[in-house]
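The next block holds one structure in the form of structure tokens; read it before the comments.
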Amino acid sequence: MNSAHNPSSREFFEQMYTHDIDPWNFASDPYESSRYDAIVHCLSGKRFARAFEPGCSVGVLTARLALFCDHLLATDLSETAVARAMQRCAAYTNVHFLTASVADIDPGALDLLVLSEIGYYFNTLDLTRWAGRLLSRVRLGGTILTCHWRGVSSDHLLSGDQVQEVFQHLAADRSYVLTAARCTENYKLQSWTSE
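In terms of the numbering used here, the sequence shown opens at residue 805 and continues consecutively.
What follows is the structure, encoded as structure tokens:
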């Protein structure tokens, strides 16, 4: 498969962001806004020392997560997306950005891991590998939050429901406690605590 057409490649995402400043309308779509509201609602009243948001795109959710975190690492495969996210979050000195693949990065010990709109760009085996590694980095009492769209897209290797099932199995294997769940027609959100 040509890397520009491979939905888990750097070239695929760079091409998307080069052609459109916000290819998935994260900053303007009412669906995205409602999904971000649900994520923020799950985190309300909490404070996290170290957090990680891979697949940060143009930083719309990142800016909202920054309010809950002492240190937030946000990454994306696309240099263009990361540059736009840095501009959007310039006022938040607690946010740090890297251009990197979620499959390769080790964020260190975490208190919050947010996996949003990222899992379906991988096959089940690869998703299980990197997600399992990241979940193991969440410290005792830490939070894992996952949220994915339930629709169908030609660039997705897995459905949102399949992605959430992988996370659910990984969390169960580690005896993490489910603390929040929301399933709408459009997305599925789950949150666990590492105990």
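Every residue gets a Cβ at the ideal spot worked out from N, C-alpha and C, and that includes glycine.
According to DSSP, is residue i helix, strand or coil?
i, result
"Gly945", "strand"
"Arg986", "strand"
"Trp953", "strand"
"Phe817", "helix"
"Trp934", "helix"
"Tyr925", "helix"
"Thr897", "coil"
"Ala907", "coil"
"Ala867", "helix"
"Ala831", "coil"
"His823", "helix"
Can you name the start and end residues of the alpha helix (DSSP H) that residue i belongs to?
i, result
"His960", "Premise fails: His960 is in no alpha helix (DSSP H) and is neither H nor E."
"Ala976", "964 to 977"
"Pro834", "834 to 847"
Starting from residue i, follow its DSSP beta bridges and name the residues at the other end.
i, result
"Thr879", "Pro858, Leu902"
"Leu917", "Phe856, Ile948"
"Cys790", "There is no way to answer for residue 790, as the model of the chain reaches only from 805 to 999."
"Val981", "Thr997"
Can you name the start and end residues of the beta strand (DSSP E) that residue i belongs to?
i, result
"Trp996", "991 to 997"
Please look up how many angstroms separate the CB atoms of residue i and residue j, rounded, as I've assumed it's under 8 Å.
i, j, result
"Pro858", "Leu931", "With a Cβ gap of about 12 Å, Pro858 and Leu931 do not count as contacting."
"Ser979", "Arg943", "Not quite, the Cβ-Cβ distance comes to about 15 Å (not below 8 Å), so this is no contact."
"His952", "Tyr991", "6 Å"
"Ala855", "Leu876", "5 Å"
"Val967", "Gly923", "3 Å"
"Leu916", "Cys873", "7 Å"
"Phe816", "Ala885", "The Cβ separation is near 12 Å, so there is no contact."
Subject >> the stretch 858 to 868 contacting the stretch 896 to 908, beta-carbon criterion three pairs below 8 Å >> reply: yes
Original post:
Taking three-plus beta-carbon pairs below 8 Å as touching, is the stretch 877 to 893 in contact with the stretch 926 to 942?
Top reply: no
Original post:
If you pair each beta-carbon of the stretch 901 to 910 with each one of the stretch 829 to 843, do three or more pairs fall below 8 Å?
Top reply: Output reads no: the stretch 829 to 843 does not touch the stretch 901 to 910.
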